[in-house]
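>
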DNA sequence: GTTAATAATAGTAATCATTACTATTTAAAT
DNA sequence: ATTTAAATAGTAATGATTACTATTATTAAC
């Protein structure tokens, strides 16, 4: 893969945030450095970086989010504030169970837990 | 909610398949009974049925799939054939763990496991 | 059973996320 | 420096979904 300053920038933007950004967020961030960068370039490079195992893609409902963390992990999503938090809830055990019960060969496991984060909980009692 | 034969048909189509259909699949199935039914009607009613807790929505990458099974469950998705199989891999324990570790109040848990189903595995040795 | 009110529909246009296309630019090998 | 092909910007196209609007159909009241 040939060097390009656009790809380098996009990689850095993804790697410097924990916010699980969308392509559009990355696009706006990138425009501050390369004002005429195009959205197609963002998508093309995000897909390329993903195929090379440099970043992760996952889907939050119907929209793609990008993640510097390429190790298998899980997500807590707060329905109040939309924040997505990285957690590690599953172990190798789960993969074994899936094999034993269903003879299914696991490639990827992702647990998505939606609910309310502690910041946005409504405490009924004082 | 007022009766409509379109909604009734859509509900029945979802409830009579295990294929986790997309809106478009349901649309084509529905056209066989009501030839001029419109795609907007499909979406409007799928969303309505979901809000009333009659059917489930989940996202397979960036596309919505509909499920008669409204009990919390998980999915195995074969990357070879695309088939999605309902499984139950998580227990109430996971919810407790999430609370204990992160003080996060769970509303919904979904585990998505992608890989290869036994039908489409390539056995290296005979 | 007729009437009135309004929810639901068909058909179409609009939106949003993403991909495809194309002429031009640019990295890098010779 | 020249050449070659990968990458880009800009734009058009696509696919999934939602919004809009005039018409139709369900249901409640008479």
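Chains as they are written, first to last, in my numbering: chain A, 45 to 170; chain B, 45 to 170.
Yeah, the Cβ is synthetic: ideal placement off N, Cα and C, and Gly gets one too.
#1: Since residue 70 of chain B and residue 110 of chain B are thought to touch, with beta carbons under 8 Å apart, how far apart are those beta carbons, to the nearest angstrom?
#2: Roughly how many angstroms lie between the CA atoms of residue 118 of chain B and residue 80 of chain A, to the nearest whole one?
#3: Would you identify the three-state DSSP class for residue 170 of chain A, choosing helix, strand or coil?
#4: Check whether the Cβ of residue 148 of chain B lies closer than 8 Å to any Cβ atom in chain A.
#5: Should residue 103 of chain B be flagged as near chain A, meaning a C-beta pair shorter than 8 Å?
#6: Between the segment 122-143 of chain B and chain A, which residues of the former have a C-beta closer than 9 Å to a C-beta of the latter?
#7: Should residue 153 of chain A be flagged as near chain B, meaning a C-beta pair shorter than 8 Å?
#8: Answer yes or no: do residue 103 of chain B and residue 105 of chain A have a C-beta to C-beta separation smaller than 8 Å?
#9: Please tell me whether residue 78 of chain A and residue 120 of chain A are closer than 8 Å, where the distance is taken between their beta carbons.
#10: Quick check on residue 46 of chain B: buried or exposed, where buried means 16 or more other Cβ atoms within 10 Å of its Cβ?
#11: Give the secondary structure of residue 114 of chain A by DSSP, where H, G and I count as helix, E and B as strand, and everything else as coil.
#12: Tell me whether residue 86 of chain B is buried or exposed, calling it buried when 16 or more other Cβ atoms sit within 10 Å of its Cβ.
#13: Output needed in chain order: residues of the segment 80-110 of chain B with a Cβ under 8 Å from some Cβ in chain A.
#14: Quick check: residue 122 of chain B and residue 160 of chain B, are their CB atoms within less than 8 Å of each other?
In brief:
#1: Contact between residue 70 of chain B and residue 110 of chain B holds: CB atoms are separated by about 7 Å, below the 8 Å threshold.
#2: Straight-line Cα distance between these residues: approximately 43 Å.
#3: Interpretation of residue 170 of chain A is limited by its pLDDT of 41, a score under 50 that renders its predicted location unreliable; the figure taken from the coordinates is listed afterwards. In the three-state DSSP reduction, residue 170 of chain A falls in the coil class, being neither helix nor strand.
#4: At least one chain A Cβ lies under 8 Å of residue 148 of chain B.
#5: yes
#6: 122, 123, 129, 131, 133, 134, 138, 139, 141 and 142
#7: yes
#8: yes
#9: In this structure, residue 120 of chain A does not lie closer than 8 Å to residue 78 of chain A by Cβ.
#10: exposed
#11: coil
#12: It is buried - the Cβ of residue 86 of chain B has at least 16 other Cβ atoms within 10 Å.
#13: 103, 105, 106, 107 and 108
#14: Yes, they are a contact pair.
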